[in-house]
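S.K.: This structure is in structure tokens; I'll ask about it shortly.
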Amino acid sequence: VLAPQAAFAHGDMGSPAGRAYTCYLEGAETPKSEGCKGVVAENGAASIYDWMSNRIGDANGRHKELIPDGKLCSANNPTNSGFDRPATAWPTTQLNTGDLPLHFKATAKHQGYFDVYITKDGWDPSKPLAWNDLETQPIAHVENPQETGDGYELPARIPAGKSGQHVLYTIWQRTDSPEAFYSCSDVVFGQQGTSRTAQLQTGKPEAVTVT
């Protein structure tokens, strides 16, 4: 099966892995997790092959205007609707609180800024993500971040006291275009993660298989 060639293919959170990149690591044809199996059942394998293209072409900062509650992880794109499945369906990456470098994996680089938000304490992971589930202030706001060989490094600070399962919601807004990209990363504090990149302490984790 040939992977579709996306006309606008630019990136997803790599560490901790976003949902689209998580499914790509699992394999578009034979995904392992409930969330990724749901994406294939709902949208087909193309949305996984195109893991780097969850976008709105004319966003121009109008994220809340264009994306309704429950559609944050798909950016209200019906071809990616499977990514809006609740957090309980997705494998997690273990994080620690405090200062932590995040890594955005980009297949094309652009001028712009990143905002990374984390869910509030007490949010309900059994429901699709809503704007009000996110903390008001981002854990990272980075303008024209440091480039790496395959993307960007984003210095973040995870608030103390976070425990259990959470979602990191990443917005990459280009400033050389109105285009923006969106990503949901499922993470966990205080217990072992279950994703192929199960633990992120410092820097980029090695891909490991968790059984």
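Position in the sequence shown (from 1) plus 456 gives the number in the working numbering. Glycine is no exception: its CB is placed at the ideal position from the N, C-alpha and C atoms.
(1) Among residues of its own chain, excluding the 5 on either side of T548, which ones have a beta-carbon nearer than 7 Å to its beta-carbon?
(2) Distance, Cα to Cα, H519 vs E485?
(3) Measuring alpha carbon to alpha carbon, tell me which of P534, S633, M508 ends up nearest T626.
(4) Closest to A596 by CA distance: which of A586, W587, L590, P611 is it?
(5) By the DSSP assignment, the alpha helix (DSSP H) with K520 in it spans what residues?
(6) Use the C-beta contact count for Q629: other C-beta atoms within 10 angstroms, 16 or more gives buried, fewer gives exposed.
(7) Are A562 and Y608 touching if we call contact CB-CB under 8 Å?
(8) Exposed or buried, what is S582 when buried is set at 16 or more other beta-carbons lying within 10 Å of its beta-carbon?
(9) Three Cβ pairs or more, each shorter than 8 Å: is that satisfied between the region 533–546 and the region 494–512?
(10) Using only the alpha-carbon positions, how far apart do A476 and P615 sit?
(11) Return helix, strand or coil for W546, following the three-state DSSP convention.
(12) Exposed or buried, what is E521 when buried is set at 16 or more other beta-carbons lying within 10 Å of its beta-carbon?
(13) Which residue wins for smallest C-alpha separation from P557, given the options E498, H466, P601, I523?
(14) What is the rounded straight-line gap between the Cα of G467 and the Cα of S639?
(15) Between K527 and G605, what straight-line distance do the alpha-carbon atoms span, to the nearest angstrom?
(16) Can you name, in chain order, every residue of its own chain whose Cβ lies under 7 Å from the Cβ of K488, other than the five neighbours on each side?
(17) Figure out for me which residue from D506, H559, Y569, E599 has the closest Cα to the Cα of M469.
(18) Let me know the secondary structure DSSP gives K493 once reduced to three states.
(19) Alpha carbon to alpha carbon, how far is P634 from D514?
(20) Assuming T631 and Q550 make a contact with CB atoms under 8 Å, what is their CB distance in whole Å?
M.R.: The relevant details are as follows:
(1) Q621, D642, V643, V644, G649, T650, S651
(2) 31 Å
(3) M508
(4) P611
(5) 519–522
(6) buried
(7) yes
(8) exposed
(9) yes
(10) 25 Å
(11) coil
(12) exposed
(13) P601
(14) 9 Å
(15) 31 Å
(16) E482
(17) H559
(18) helix
(19) 5 Å
(20) T631 to Q550, Cβ: 33 Å. No contact.
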